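A quick write-up on the structure given underneath.
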Amino acid sequence: MRRIRTIVLCAVYCLIATAILNRAARADEISEHAHKLHFSSIVLDTHDDTTQRFFSKDYDIGKQNPDGHVDIPRMREGGMNAIFFSIWIDGRIMGAPAVQKALDQIDAVHENVIKYSKDFAFCRTAEEVRRAHAQGKIAALIGVEGGHMIGNDMRVLRMFGDLGVRYMTLTHFYNDEWADSSTAKPEHNGLTDFGKDIVREMNRQGIMVDISHVSDKTFYDALETSKAPLIASHSSCRALCNHVRDMSDDMIKALAAKGGVIQINYERSFIDQAYKDAQDKFSGGVVALIDQLKKECGDNEECLNKKMTEMTDKATAEGKLPHVSWERIIDHIDHAVKLVGADHVGLGSDFDGASMPEGMDDCTHLPRITEALMRKGYSDDDIRKILGGNLLRVMEQTERVSREIEAAR
Ligand SMILES: [Zn+2]
1 MRRIRTIVLC
11 AVYCLIATAI
21 LNRAARADEI
31 SEHAHKLHFS
41 SIVLDTHDDT
51 TQRFFSKDYD
61 IGKQNPDGHV
71 DIPRMREGGM
81 NAIFFSIWID
91 GRIMGAPAVQ
101 KALDQIDAVH
111 ENVIKYSKDF
121 AFCRTAEEVR
131 RAHAQGKIAA
141 LIGVEGGHMI
151 GNDMRVLRMF
161 GDLGVRYMTL
171 THFYNDEWAD
181 SSTAKPEHNG
191 LTDFGKDIVR
201 EMNRQGIMVD
211 ISHVSDKTFY
221 DALETSKAPL
231 IASHSSCRAL
241 CNHVRDMSDD
251 MIKALAAKGG
261 VIQINYERSF
271 IDQAYKDAQD
281 KFSGGVVALI
291 DQLKKECGDN
301 EECLNKKMTE
311 MTDKATAEGK
321 LPHVSWERII
331 DHIDHAVKLV
341 GADHVGLGSD
351 FDGASMPEGM
361 DDCTHLPRIT
371 EALMRKGYSD
381 DDIRKILGGN
391 LLRVMEQTER
401 VSREIEAAR
């Protein structure tokens with residue numbers, strides 16, 4: 001009897017052990033497959049404020065830096081092989097000084113790409129991004145974050161196009177002369193007539209129309225005006241975190257219906273409701289917080305980011321702000337995919353310009369996103385689209401619209 005009991009017990013233990021080992025083996029298989037998929041894909045991030053760091057003597061994009069989120073060694077480690085360098089200045093700077101500062105930054109991107117041409121290839125088209133990837137290079141692109149930088153002058157927009165700018169957000173935190181922002185009091189009822197002309201000219205120049213930062217009305221006006229699909233280069237889902245910088249489900253559906261793509265932003269206060277609520281109480285929201293920090297930093301965004309990280313880390317350690325996990329990024333991707341399908345979602349981290357959630361401390365952690373999506377059952381094709389394919393499709397459509405407009409003139 002005792003012998004039979006021993007045999008039965010042994011069999012049960014064996015089954016359990018086999019099940020555990022099988023599960024571990026499957027987990028390893030997924031990890032390995034995710035790793036292969038990630039490092040063979042175009043991993044394109046549409047919003048990085050790394051450009052601001054080019055003006056700091058302590059920063060060298062060619063070397064691994066102890067702070068911030070992006071440099072070449074860390075991009076290589078995280079498999080991030082296509083980047084939109086964001087051109088950004090305070091939205092209250094208008095006219096000629098705005099144009100001058102934007103040109104300084106565009107030049108800094110080109111100079112850094114030339115300096116590190118072994119790693120970078122400057123790209124103006126989706127095809128060039130694919131070619132750069134095939135050559136093992138990192139595709140470097142430019143996006144302008146805020147329509148105020150054209151100095152209210154259409155000719156400057158055209159020059160930006162010539163210099164390789166491939167998207168422009170219509171506003172930043174403040175209204176510009178022709179479009180309302182989501183974080184300012186409305187004054188134009190969306191886009192003015194001139195603002196609509198700007199959108200049409202962007203279509204002609206092959207510059208993607210970016211609706212991150214704009215008011216809901218500006219979004220709908222741009223959607224109606226643009227012949228090409230729109231992008232949100234760095235916005236998340238309002239259904240999961242009720243922030244004006246995020247997009248409502250209706251907006252995401254309308255964006256997708258026209259072929260556009262929402263590139264999910266990783267900023268803690270845009271992805272986590274509890275954090276956003278606590279931050280509102282703690283500092284009056286992200287715009288007020290930046291205004292407060294500007295008193296110490298002026299227009300030095302590198303200083304702003306450093307101070308913001310220090311302040312938020314300290315407040316989190318003291319329990320004044322809740323912890324936010326990188327897995328919230330996956331929740332936002334999954335929400336948008338469930339809403340409109342995998343063809344309309346991508347990645348727009350806001351690295352070097354926002355507070356990253358825990359576990360996404362810099363771009364070396366990007367492979368986690370691929371693995372998490374795979375564990376959720378996403379197909380390889382869908383993951384590749386989210387990692388970069390969708391944005392390249394919109395870029396191609398924008399190029400096509402541009403050619404059609406020119407041909408019809
Ligand atoms: Zn932004």
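Mapping the sequence shown onto this note's numbering, position 69 (from 1) lands on 69, and the numbers just tick up by one.
Yeah, the Cβ is synthetic: ideal placement off N, Cα and C, and Gly gets one too.
None of these values were measured; they are calculated from a predicted model.
Same chain only: Cβ atoms within 6 Å of aspartate 197, ignoring 5 sequence neighbours per side: Annotation for aspartate 197: no residue places its beta carbon closer than 6 Å to its own, counting only its chain and skipping 5 residues before and after.
Per-residue burial, isoleucine 30 [other beta carbons within 10 Å of its own, 16 or more giving buried]: exposed
Through-space distance from alanine 278 to aspartate 210, alpha-carbon basis: 29 Å
For phenylalanine 84, three-class secondary structure by DSSP: Of the three classes helix, strand and coil, the one that applies to phenylalanine 84 here is strand, per DSSP.
Identity of the residue in Leu191, Leu304, Asp272, Arg368 nearest valine 324 by Cα: Asp272
Inter-stretch contact at 8 Å, needing at least 3 Cβ pairs: the segment 176-190 / the segment 205-222: yes
Where glutamate 267 sits in the DSSP three-state scheme: coil
Enclosing alpha helix (DSSP H) for glycine 78 [first to last residue]: 72-78
Sequence-distant residues of its chain with Cβ nearer than 6 Å to histidine 188 (five each side left out): Asp180
Residue interval of the alpha helix (DSSP H) (run including aspartate 412): Absent from the structure is residue 412, since the part of the chain shown begins at 1 and ends at 409.
Backbone CA spacing between arginine 131 and serine 117 [nearest angstrom]: Linking arginine 131 to serine 117 through their CA atoms gives a straight-line distance of about 14 Å.
Where phenylalanine 85 falls, given that 16 or more other Cβ within 10 Å makes a residue buried: buried
Glutamate 310: CB within 7 Å of a non-hydrogen atom of ligand 1: no
Cα-Cα separation between histidine 110 and asparagine 242, rounded to whole angstroms: 37 Å
Glutamate 187 beta carbon near ligand 1 (any heavy atom closer than 7 Å): No, the Cβ of glutamate 187 stays beyond 7 Å of every heavy atom of ligand 1.
Glycine 353: CB within 7 Å of a non-hydrogen atom of ligand 1: yes
Residues near arginine 92 by beta carbon distance below 7 Å, same chain, minus five either side: Tyr174
Cβ-heavy atom distance, histidine 414 to ligand 1, below 7 Å: This structure gives no information on residue 414, because the portion of the chain shown stretches from 1 to 409.
For serine 181: DSSP bridge partner residues: Bridge partners of serine 181: Val214.
Expected contact under 8 Å - CB spacing of glutamine 205 and leucine 157 to nearest Å: Between glutamine 205 and leucine 157 the beta-carbon gap is near 7 Å, inside 8 Å, which marks them as a contact.
Endpoints, the alpha helix (DSSP H) within which isoleucine 383 is located: 380-384
Burial state of alanine 27 (16 or more Cβ within 10 Å): With fewer than 16 other Cβ atoms from the protein chains shown falling within 10 Å of its own Cβ, alanine 27 counts as exposed.
Where histidine 47 sits in the DSSP three-state scheme: strand
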